[in-house]
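Numbering (my numbering), first residue to last: -2 to 993.
Virtual Cβ for every residue (Gly too), placed ideally from N, Cα, C.
This one's a predicted model, so the numbers in the text were calculated from it and none came from an experiment.
Scroll down for the structure; my scribbles are underneath it.
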Amino acid sequence: MRREGASVDWSREKFTMDEDLSRAVREVFVSLYEEGLIYRGNRIVNWCPNDQTVLSDLEVQKDPQPGKLYYLRYPAKNGQGGVTVATTRPETMLGDTAVAVNPNDQRYRNLIGATLLLPLTGREIPVVADEFVDPQFGTGAVKVTPAHDPNDYEIGLRHSLTQVVVIDPHAKMTEAAGSDFAGLDRYKARQKVVAEFEELGLLEKVDDYEFSISKCERCKTVIEPLISLQWFCRMDKLRDLALDLMVKEKRPQFVPEVPYEKVYTNWLENLRDWTISRQLWWGHQIPAWYTKDGKVVVACSYEEACAKAGTDELTQDQDVLDTWFSSALWPFSTLGWPEETEDLKTFYPTSVLVTARDIIFLWVSRMVMMGMKFMGQRPFDEVFVTGTILDKEGQRMSKTKMNGVDPLEVFDNYGVDATRIMLASVGSTDIRWNEKQVESYRNFANKIWNAARFCLMNSEGAAVDPESLRVGVQEQALHDRWILSRLNKTTADMHEALSGYQFHEAVQTLYHFFWNDFCDWYIELTKTEVTAEEATTRRTEARTRLLTVLEQALRLLHPFMPYITEELWQRLPGANAKLLNKSYAGASPTIMLTAYPLSATELIDEEAEWQMQAVIDLMSRVRNIRSEMNIKPGERVPILISAPDEKLRRVFSASVDQISRLARASDVSISDRLNAPRASARAVLSGGAEVAIPLEGLIDFEQERQRLRKEQDKFQAEASKLEAQLGNANFVERAPEETSQAIVARNTRARGRFVAGEKMIVAGLEAAEEVFISLDSQPQLEAFVADGEEIEAGKVIARMVGFADVLLAGEHVALNLLQRLSAVATLTNQFVHAVEGTGAAIVDSLDTTPGMRMLERYAVLLGGGRCSHLGLDDGVLITSNHLAIAGGVADAVRNAKQKLGHLHKIKVQISSEIDLQEAISNGADILLLEGLPAEEVARLGAVARNLSSVVSVECSGNITLQNVRAYAEAGANTISISALTNSARAMKVTFQIQPF
RNA sequence: GCCCGCUUGGCUCAGUGGUAGAGCACUCGCUUCACACGCGAGGGGUCAGUGGUUCGAAUCCACUAGCGGGCACCA
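Written out as structure tokens, the structure reads:
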């Protein structure tokens, strides 16, 4: 834990065997005993013959394994017939004291009360009737061994059967098993019993049978159920305390709630008494003493016991308590209970317990029960259940499987920081261990280091200064306002994620901020200022800002990556005592004692964020064109930008230096209209802006064609070679499967590339060259896709997009055209998305509920008008399978009818009689009456029927019997029921009813 | 048998009604002076299947299949 950098108060380290905690244990034991919640008794328990101790139900592990089911015949005493029983453990028959059958089982009805002769022993045993017996299983008759089987034990109690102990604590047969068997190991005895039954002709058959066998969780020895004198803790009352807490206060709150809350309560509901004594050498010795005559005295100490017993001739119970008994007291015993200490008052109840799911029963539930019992309050508010790290195959790690991962080794290989942040990112889901993930966080650590190195290399004359960020914010450059906004938004997101235990979210947020926002963009954007030769005020300010942002980022990262953040923080100029959390004023400076950053919401600047994003998008598109066009990285190209919006032009203008540096431009020109030469690559940006790179002189079509030809030759050569190899029968026959598959794959790839290249050359370049020239001429392009009328828009898009892929230009022209083709086509998301870029000028004013965005796009595209006209609140939504059109009802219906009448029925949602009249007179097909009172529905329905017999009426809303009647009277032929309020689950049904 | 969870690109996983994401892997290009544990660009997913609800479903509901977990039983 220390190496891992756990930030705990080591001065409070505790061990349950410490004297103070042991005292709490005795105190609790005595108290529960006096209340009757702890008792000592002879019960059947889980006994480990190897460890020589009793175990609780939770310490027993059930393993399914193949075994045999033996059918043994027990003759009747009167010699007439008998009963066959089935058993997996024949040796226990020596301790049988009855055979049980189900009272309703016709087959055995006459046998109930009969006496059987137990073979090998000569014992006479009765046949008893017990509901427990399942007539379907085995023969329907069960041998009953009360001393060696938990269920038989219960049956035995119900029928007052004798308990014959035939197996001892070492799993050897006892004298009671008969002199032939005494001293034999249980498995030897099994063989012998089976052999003798066979000899006597009483072994009916032996079936293969798989069943679960109970083993000792620790040593894997098969458990022997034995009757034994042990200490038990009654759980019913304690359990109710925990269940009540959940019902009344919903505590503890499990995170994640599903499935753990239910797992926890289900377990509590089925809880049985807890065996708390153990026959181990180590643990809290049970505070019970015995007098010479066997009287029991329970007390906190020997002295007290003597006083109670009135004698000092006492011997203490040799057994110890289950370790989980003392663990259950942990939340308060560590705080000094039973003393009423300051710690106890201050820290109890605690806030959160972080734990693994397999100790919810062992520990969490018991802490809750004991906390409620002795403190009267929950021990903690929340329980965060971590995920489990599985091995590569998805198996749980275990010592026996040797598939565990040694954390120290991972620390050595990748560093503690990388390991920690990787594990934190897992949150509460199970995850397969994957070193690659740790490696990626190691790379992240390296990135942090290098970024900080850059900052430190350029820090002369500057120092961390949080106050500086707030001064003159409005006068700062765009990228500065942007990074401050990003930083504070990230900070706010961190608080949100952490308070909800969304660790994965938190880690992703930090990773993205640091790597993408801070390193990829901010450092690059501010580099010129920061690395300036001359020591100007501007340089100092830039350096200060850079250091300050870095410092806050380090503090955000610190809980996840303590070592690297401390190391770097110590080196930052200005990272000193001033930054410490006030509570630690005067301490020596360390990032550990600084305050976790709070978000300065006034620095969150949406305006700066979208502006910066526009510039970033611009640079990305330019880089994309450069890359696709194979423009050399070093080559500078002229960039032409157009933006109809003046504000956007100003944003670009202000960033010209950045753009030319980061997009490698020789010249940047910005205007309101794009005036690019013919052979230009273009891209569409948001806000109706466009960017173009003239390719004249940069790309030589003839040369490009030759380059591609050369590449083609290479692919073809490779393919031929591979094909020759595959054609060689010897190779195919003798080569290992893996190799031949690899060759096939390589060939496929080479061939694929060849084909793609061919296509590119033929369909692309040659057409490109031609179309490039005609690109600006819309009529020509239109002619090019003249058959578009007959094909679906989706296909046109595919074609155009493919086209654009080759050309990287003309996209906007193509899409303009598509807008006009849209009326004949089925609209697709892809289409809308594609158009959004070019139609941005129109869509731009979108500001409506997210649920309607898609509809509105369609509406806009189909000429329904600007989005601002479209409002659900106006009650003029018109729907027609995925279509909404803005405007007044009359206009809208006409519009819809005209555009889509032949494709769809026009459904109009109405809320007034005027709407209704307009809708009907303009040809609406369906009226939707939604969310209106029943009387209103009936009234409007009647009006509608008077006006037109063709129009159908659809109703939805709050469905009650009365409403349905009103809807029917309104002439509704469809009633949509969208919610049934009184049902636990919302059911969604649509009724078709006959019109009156 | 009962209850619960999971199924998203080659891999490991995010994403609880509005244009499918990350890391790794892959392809192309780059000795750009913080970082090749790097930089830039790119390809790749009918979100297990079927049906339903919705203007719209990876997301809500039902069923099916596969995987996993818990509980009970196992004579």
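Query                                                                                                                                                                                                           : Result
So for glycine 807, helix, strand or coil by DSSP?                                                                                                                                                              : Because glycine 807 sits at a pLDDT of 32, beneath the cut-off of 50, its placement in the model cannot be relied upon, and the point is left open.
By the three-class DSSP mapping on this structure, what secondary structure does alanine 662 have?                                                                                                              : strand
Please report the residue range of the beta strand (DSSP E) in which aspartate 340 lies.                                                                                                                        : No beta strand (DSSP E) contains aspartate 340, which is instead part of the alpha helix (DSSP H) from 339 to 344.
From what residue to what residue does the alpha helix (DSSP H) around proline 635 run?                                                                                                                         : Run containing proline 635: none in the alpha helix (DSSP H); it sits in the beta strand (DSSP E), 634 to 639.
Taking DSSP as the reference, what is the three-state secondary structure of proline 335?                                                                                                                       : coil
Alpha carbon to alpha carbon, what distance is there between isoleucine 636 and valine 665?                                                                                                                     : 5 Å
Using 8 Å as the cut-off, can you tell me whether the segment 648 to 662 makes contact with the segment 469 to 479, which would need three or more C-beta pairs spanning the two stretches below that distance? : yes
Classify glutamine 392 as buried or exposed, calling it buried when 16 or more other Cβ atoms lie within 10 Å of its own Cβ.                                                                                    : exposed
Quick check: what's the CA-CA separation for isoleucine 522 versus leucine 405?                                                                                                                                 : Checking the displayed sequence, the identity of residue 522 turns out to be leucine instead of isoleucine. Roughly 40 Å separates the two Cα atoms.
Report yes if the CB atom of serine 348 is closer than 8 Å to the CB atom of tyrosine 261, and no otherwise.                                                                                                    : no
Please identify the residue among Thr50, Asp316, Thr541 and Glu31 whose C-alpha is closest to the C-alpha of leucine 481.                                                                                       : Thr541
What does the alpha-carbon distance come out to for the pair proline 147 and methionine 491?                                                                                                                    : 53 Å
Tell me which residues share the same chain as alanine 421 and place their Cβ nearer than 7 Å to its Cβ, disregarding the 5 neighbours each side in the sequence.                                               : Phe500, Val504 and Phe557
Looking at alanine 597 and asparagine 485, is the spacing between their C-beta atoms short of 8 Å?                                                                                                              : yes
Could you pull out every residue in the same chain whose Cβ sits closer than 6 Å to the Cβ of isoleucine 41, ignoring the five residues on either side in sequence?                                             : Pro147, Tyr150, Pro222 and Ile224
Applying the 10 Å Cβ sphere with the 16-neighbour rule, what's the burial state of cysteine 216?                                                                                                                : exposed
Measure the alpha-carbon distance for isoleucine 418 versus arginine 23 and round it to whole angstroms.                                                                                                        : 42 Å
Which value, in whole angstroms, describes the spacing of the CA atoms of isoleucine 911 and aspartate 922?                                                                                                     : 16 Å
Between the C-alpha atoms of tyrosine 508 and valine 648, what's the straight-line distance to the nearest angstrom?                                                                                            : 28 Å
Any idea what DSSP makes of alanine 760, helix, strand or coil?                                                                                                                                                 : Below a pLDDT of 50, predicted positions are generally treated as unreliable, and alanine 760, at 39, falls in that range; no measurement from the model is reported.
Taking 8 Å as the cut-off, does the segment 363 to 375 touch the segment 387 to 403 (at least 3 CB pairs, one atom from each stretch)?                                                                          : no
Closer than 8 Å is the cut-off here; do at least three beta carbon pairs connect the segment 198 to 210 with the segment 259 to 275?                                                                            : no
Quick check on the DSSP output: what are the complete alpha helix (DSSP H) runs of length 4 or more inside the segment 300 to 328, in order along the chain?                                                    : 320 to 324
With DSSP as the reference, please indicate the residues paired to threonine 112 in a beta bridge.                                                                                                              : Pro123
Specify, as a first and last residue, the run of the beta strand (DSSP E) that valine 619 falls within.                                                                                                         : Unbroken run through valine 619 is the alpha helix (DSSP H), 603 to 625; no beta strand (DSSP E).
Beta-carbon within less than 7 Å of leucine 913's beta-carbon, same chain only, minus the 5 sequence neighbours each way: which residues are those?                                                             : Ile907, Leu924, Leu937, Val940 and Ala941
Return the CA-CA distance between alanine 574 and glutamate 548, expressed in angstroms with no decimal places.                                                                                                 : 14 Å
Under a Cβ-count criterion, where at least 16 other Cβ atoms within 10 Å of its own Cβ denotes burial, should histidine 555 be classed as buried or exposed?                                                    : buried
Would you kindly check if the distance between the Cβ of valine 423 and the Cβ of glycine 384 is under 8 Å?                                                                                                     : yes
Looking at valine 57: is its Cβ nearer than 8 Å to the Cβ of glutamate 214?                                                                                                                                     : yes
Does DSSP classify aspartate 131 as helix, strand or coil?                                                                                                                                                      : coil
Residue range of the alpha helix (DSSP H) that leucine 69 falls in?                                                                                                                                             : Segment 57 to 72 is the beta strand (DSSP E) holding leucine 69; no alpha helix (DSSP H) there.
In this structure, how does DSSP classify alanine 285 when only helix, strand and coil are distinguished?                                                                                                       : strand
With C-beta atoms as the reference, is valine 27 less than 8 Å away from alanine 296?                                                                                                                           : yes
Kindly confirm or deny that the segment 332 to 348 and the segment 297 to 307 touch, where touching means at least three C-beta pairs closer than 8 Å.                                                          : no
What did DSSP end up calling glutamine 49 once you bin it into helix, strand or coil?                                                                                                                           : coil
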